[in-house]
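**Q** Mind having a look at this structure? Questions to follow.
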Amino acid sequence: MSAVIDSHWSKALTLDRRRAPEFYSAGSKVTAGAHAEAIRFVLDELGLSAVSCINGVPTIAFLSDPLVSVERIDELHRILWNQGLMSMLLVIRGDELTAYSLLQRPLHSEENRGKDPRLVKTLSLLSDALELRELLDAADSGRFWYENDGYFNPDNRVDSVLLANLLMAFRSLKDDLGTDAAQALLMQTMFVAYLEDRQIIGEAVFRAASQDRFASLLELLGSGDPELFDVLFTWLHGAFNGNLFKAPCAFETGGAPPPKLKLEHLAVLARFRHGHENMATHQLRFWGYDFRYMSIGLISAVYDRFLKEEADKKSSDGAFYTPMFLADIVVNQLWDELTDEQKTYGVYCDPACGSGIFLVRLFQRLVAHHCNAKKKQHATWTDLKAIANRLRGGDINSSAVRVAAFSLYIALLEQSSPSDLPKLIKAGKLLPPLYGNTLLPGSDFFSIKDARQFDVIIGNPPWNGRTGQLTTAQDWTTSKGYLAPAKDIAWGFVWKALEGIKPTGLVAFLLPAMGILHNTESQAARRMLLQRSRVRRIINMSDLCFQLFDGAQRPTAFVLYGPQKQDQAPYRFEYWVPKADLNLRLKRLVTLSRADRLTFRSDLVAEDPTVFKRRLWTRAPEERLLQYLRTIPPMSSFVLEFKAFKRSKVEFSRDEHWVIGQGFKPAKESRLGDPEYQTTTAEIVTQLPYLDARQFRAVALSHVETSPLRTSVVHRAGFDAGFFGPHILIPQGVERAVGRVRAAFSKQDVVFQHSLQSITVPPSQERKAKVLTAVLNSSLAAWFYFHDTANLGADRAKVHQGELLKLPFDDPENMPDPVKALNAEQGLVALIDRELANSKKLLSSQDDVLGDIDRLVFEYYGLDDSDVAIVEDTVQQVIPAMQPRRNAGLQSIWTQASSSQRADYSAMLCNALSPHFRVPVKASLAARNSDVAVLRLTIGDEAAPYNEHSSGEFNDFLGSIAAKLPIDLPGNVQLIPDLRVVVGRYMYLVKPTALRHWLRSTALADAEQIAAEFIAAAARHSQEGVDHAGG
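Residues 2 to 1032 in our numbering are what the sequence shown spells out, letter by letter.
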């Protein structure tokens, strides 16, 4: 048993403000949760001193041992790396703390010549006091992981190493054995390796199978004798039953016999088994992976990813692998809503179970609940089988169901009492038959008879159609009168699950955020869902898209819902919108901050088609600005879409109509001989200069001098009137890093492809067109489209044609402040004219143009300083950071706010609060460290500028105010960035130092929440003054 962390180190690391469930020390009670068993294991069995968690995920392990040996550190590192959960090991020896990365592969002391690659840094109790105090705060904020990024590459984690070897082993076997047989053989080998590493079977089994020649699976595989493998399987099938060991390469023995193993197959399995080699590069390593410490959740997640990557089905069937930490979010959110009866007796189903990751994590939680209720350390084998029997799954992919059975078998053994297993194995037929019984291969959810038989339906169903299943989904959905916009099979799963749960049941699904939440064409289906079910919670993970799934193209959302209540009135539900941050770089946790948690009313959402997308980033001030802009007519009030205009049968008039349409779509030369491929002729493309989209220049288009195209054969002719000037040309795509729509005014006749769209301009209204061109290029338009369109900032970086016309725009005399608008109009027209003149020059710069446009457009729309701050913060800080990829680097919105940015926040906050009081509100920095700061607000007799002169050290200050409070302050402020504390006459705002929390727009939103609390604090202060005067 390791020593507890002594008081000197506890104070140095500020552990005194850390409590469960974010910090557990040796001997403390571990509360129930997704990782409770893992935490107990490292504290009780490994003898660690403490574990620090972020958002419930064990992240940092502590070992306090002044005499710890190098061999002990190597052993702990190897075990924790194989566990695949935590990210860092802190070893305390005397006056020194050493930080080791648990993402770096294990080493043996003999390998370690030179600098230890696992060693992140060493800190001294005496000389590194500041860095020690900030260490856990830096981990909470993600700053530590970013600053030491080279030590925390997810590609070095055990799951990535195991996956790489699994893929290579499979590819080495599949050509000879076939896909199904190779997958089955690898699962069987992994299961035997698990049994051996966990010491469920030992040397005697392998000696009996090999006539006393070999003592381990690796030796048996190295023999090159396939018959010994057959003998081993005969014993395994008798002892374990189940479906795993019917024969090598097969879960079932009916039909054609499985392929026979050869010496080269065993050689591949041997390389995979020992794990001491990177099978792709043949590079050797001293330590391999060890199934003894690897959780089944991790193994299941690896196999889930293996199935998706090897089959290369990401785009063909919309099925993405589910990372374990994301599966845990789903299970945790569901678990907290279940009744005790559902946890004890409920039946759970994953209708597209894949590798069974959700079923495995549910099984573990159900077993923990059972043991807790019975006050037992282990469940009996009978109880474990009964719990497993309550889990149902199916998948149209039979290989996936084999993995689910494999995963649940390991989960059963993992949860069993070690002392019971030898007797059970001796009795034989240990494992229950799952494959084909409770887990159904080739199962089409929509072909199953409707019956309210499940307490829970959970999973990550496919988002696009699979061959065959798409048809049955459409047929079922149509027959039941449900809506499925765009024939998205995900909607079919939403409705079918609703029909399959009991009246008190729940559905917990990961679904496509675009199709379910954002697409305005899905509003009728969303309204139906809100009315025919009772939604409990939605977590929109759009901003996390590229960090949740490797190679993902579309964002996901978690939706938790159940059947509607009888005579259901409008109800409230939670809507959470987590943001990408530095912690996601570890790919082990998602930060669910309190500031990103909203509450909606079902009836209001049902009538607001953009609310889910909008509220990803908007708060009350942004919503008010949007409402103001909506008082101005949209572009659609005078610009018509070409398709709608064509259907109206109205003859197009160049002098009258504003119409928007796309350019031509070129024909694919390779398909010109295909009778099914449609083409047409467009002579105009051979007559006018061709504008390549790469030559597009925003604001004012340069003169196009390229030659016309040589062929008139096109796939689609496009909007030919849009080729003639004057017109406004607009590319569909938006550059993510900039976020602005690009538009160019041009009087030249040109042809272009469908990636560009054109608005025809009546010649008499060129002045209006020039103003509109400027507005489209403005940051105000970028801000509006970011919040009020379906795609930009949540899915693909584009603004669809119909949504482009939502932008508010009117003539200056009709704007809210006509005098300002007329003045701005003159400036905007002059600017466009100047740019048209400059566009004829070879080397002309547009550097200052957008700034000038923004200033004039703000004036045109009558925006005040607060409005401008809202727009500028979004365009300059939020939009460039939207949906970042892991390799995108440090986004400015994640960096520490500077002193001047904190001052700007404070000035905006005080100005927004001042109307609520008769005396000025003052702000000063009370304390801060690199990750957290405390702002002090007071009501003063006279105004005073913001200052940081008297700010103290954060942890010391927090301790001083915590002593005056009746409740404990949280240790991880990152999760509660809107924490406000009132002490006497002061209100303290405890905020992360990241710029996101110090934007001027954030100050406006904070002010609204603070006002009521500050008035209460002022009232108490006033009463204290009366009492004192009277005394």
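C-beta: ideal position from N, C-alpha, C; glycine also. Just so it is clear, the structure is predicted and the values come from calculations on it, not from any experiment.
Using a Cβ distance threshold of 8 Å, determine whether the region 89 to 99 contacts the region 164 to 184, with at least three qualifying pairs required.
**A** Contact fails: fewer than three Cβ-Cβ distances are below 8 Å.
**Q** Assuming residue 365 and residue 412 form a contact by the criterion Cβ under 8 Å, report the distance between their Cβ atoms to the nearest whole angstrom.
**A** Rounded, the Cβ-Cβ distance is 6 Å, consistent with contact.
**Q** For a quick check, are the C-beta atoms of residue 931 and residue 132 less than 7 Å apart?
**A** No; because the gap between Cβ atoms is not below 7 Å, this pair is not in contact.
**Q** For residue 859 and residue 869, I'd like the C-alpha separation in whole angstroms.
**A** Roughly 7 Å separates the two Cα atoms.
**Q** Ordered along the chain, which non-local residues of its own chain (more than five positions away) have a Cβ less than 8 Å from that of residue 399?
**A** So the list reads 181, 442, 443, once near-sequence residues are dropped.
**Q** Evaluate residue 632 with the Cβ neighbour count: other Cβ atoms within 10 Å of its Cβ, from every protein chain shown; 16 or more gives buried, anything less gives exposed.
**A** That one is exposed.
**Q** Given a cut-off of 7 Å, decide if residue 793 and residue 800 are closer than it, judged by their beta-carbon atoms.
**A** Going by C-beta atoms, residue 800 is nearer than 7 Å to residue 793.
**Q** Quick check on DSSP: helix, strand or coil for residue 314?
**A** Residue placement at residue 314 cannot be trusted, given a pLDDT of 43 that sits under 50; the coordinates are not used to answer.
**Q** Look up residue 930 in the DSSP assignment and give the residues it is bridged to.
**A** Looking at the DSSP assignment, residue 930 forms no beta bridge with any residue, so it has no partner.
**Q** Start and end of the alpha helix (DSSP H) containing residue 490?
**A** Looking at the DSSP string, the run of the alpha helix (DSSP H) that includes residue 490 is 490 to 501.
**Q** Check whether the region 425 to 444 and the region 329 to 348 touch, using three or more Cβ-Cβ pairs below 8 Å as the test.
**A** Touching, no, given that fewer than three Cβ pairs across the two stretches are closer than 8 Å.
**Q** Count the other CB atoms within 10 Å of the CB of residue 102; is the residue buried (16 or more) or exposed (fewer)?
**A** The residue is buried, with at least 16 neighbouring Cβ atoms inside 10 Å.
**Q** Which residue's Cα is closest to the Cα of residue 225: 288, 648, 298, 211?
**A** It is 211 whose Cα lies nearest to the Cα of residue 225.
**Q** Quick one: measure Cβ to Cβ for residue 198 and residue 293, integer angstroms, because I've assumed they're closer than 8 Å.
**A** Yes, residue 198 and residue 293 are in contact; Cβ-Cβ is about 4 Å, under 8 Å.
**Q** State yes or no: is the C-beta of residue 464 within less than 7 Å of the C-beta of residue 491?
**A** Cβ distance < 7 Å, so residue 464 and residue 491 count as in contact.
**Q** By DSSP, does residue 454 sit in helix, in strand, or in coil?
**A** In this structure, residue 454 counts as coil in the three-state DSSP scheme.
**Q** Within 10 Å of its beta-carbon, does residue 523 have 16 or more other beta-carbons around it, so buried, or fewer, so exposed?
**A** When all chains shown are included, residue 523 counts as buried.
**Q** Please say whether residue 299 and residue 280 have beta carbons closer to each other than 7 Å?
**A** No. Outside cutoff.
**Q** Can you tell which of 665, 81, 95, 75 has its C-alpha closest to the C-alpha of residue 68?
**A** Among 665, 81, 95, 75, the Cα nearest to that of residue 68 belongs to 95.
**Q** Give me the residue from 643, 648, 665, 666 with the minimum Cα distance to residue 658.
**A** With distances taken between Cα atoms, residue 658 lies closest to 643.
**Q** Kindly confirm or deny that the region 563 to 582 and the region 533 to 543 touch, where touching means at least three C-beta pairs closer than 8 Å.
**A** With the cut-off at 8 Å, the region 563 to 582 and the region 533 to 543 touch.
**Q** Do residue 788 and residue 682 count as a contact pair if the criterion is CB distance below 7 Å?
**A** Going by C-beta atoms, residue 682 is not nearer than 7 Å to residue 788.
**Q** Could you round the C-beta distance between residue 935 and residue 918 to whole angstroms and report it? I think they count as a contact, below 8 Å.
**A** No, residue 935 and residue 918 are not in contact; Cβ-Cβ is about 21 Å, not under 8 Å.
**Q** Mind checking residue 347: buried by the 16 CB within 10 Å criterion, or exposed?
**A** With 16 or more other Cβ atoms within 10 Å, it is buried.
**Q** Restricting to runs no shorter than 3 residues, where is the beta strand (DSSP E) found entirely within the region 627 to 702?
**A** As far as the region 627 to 702 is concerned, its whole beta strand (DSSP E) runs of at least 3 residues are 640 to 642, 659 to 663.
**Q** Return the CA-CA distance between residue 34 and residue 457, expressed in angstroms with no decimal places.
**A** Spanning the two alpha carbons is a distance of roughly 19 Å.
**Q** Express the C-alpha separation of residue 937 and residue 962 in angstroms, rounding to a whole number.
**A** Approximately 12 Å, taken between the alpha carbons.
**Q** My parser needs the beta strand (DSSP E) runs of 3 or more residues fully inside the region 739 to 807; what are they?
**A** Listed in chain order, they are 745 to 747, 757 to 761.
**Q** To the nearest angstrom, report how far apart residue 734 and residue 580 are at their CA atoms.
**A** When rounded, the distance between both Cα atoms is 23 Å.
**Q** Between which two residues does the beta strand (DSSP E) holding residue 563 run?
**A** Where residue 563 is concerned, the enclosing beta strand (DSSP E) stretches over 557 to 564.
**Q** Could you check what DSSP says for residue 515 in three-state terms: helix, strand or coil?
**A** In this structure, residue 515 counts as helix in the three-state DSSP scheme.
**Q** Flag this pair as yes or no: are the beta carbons of residue 921 and residue 944 separated by less than 7 Å?
**A** Yes, they are a contact pair.
**Q** Mind checking residue 62: buried by the 16 CB within 10 Å criterion, or exposed?
**A** When all chains shown are included, residue 62 counts as buried.
**Q** Given a threshold of 16 other Cβ atoms within 10 Å of its Cβ, counted over all protein chains shown, does residue 204 qualify as buried or as exposed?
**A** Exposed, since its Cβ has fewer than 16 Cβ neighbours within 10 Å.
**Q** Could you name the residues of the same chain whose beta carbon sits closer than 7 Å to that of residue 194, not counting the 5 residues immediately before and after it, in chain order?
**A** The residues are 218, 274, 292.
**Q** Taking just the CA atoms, how far does residue 150 sit from residue 892?
**A** Those two C-alpha atoms are separated by around 15 Å.
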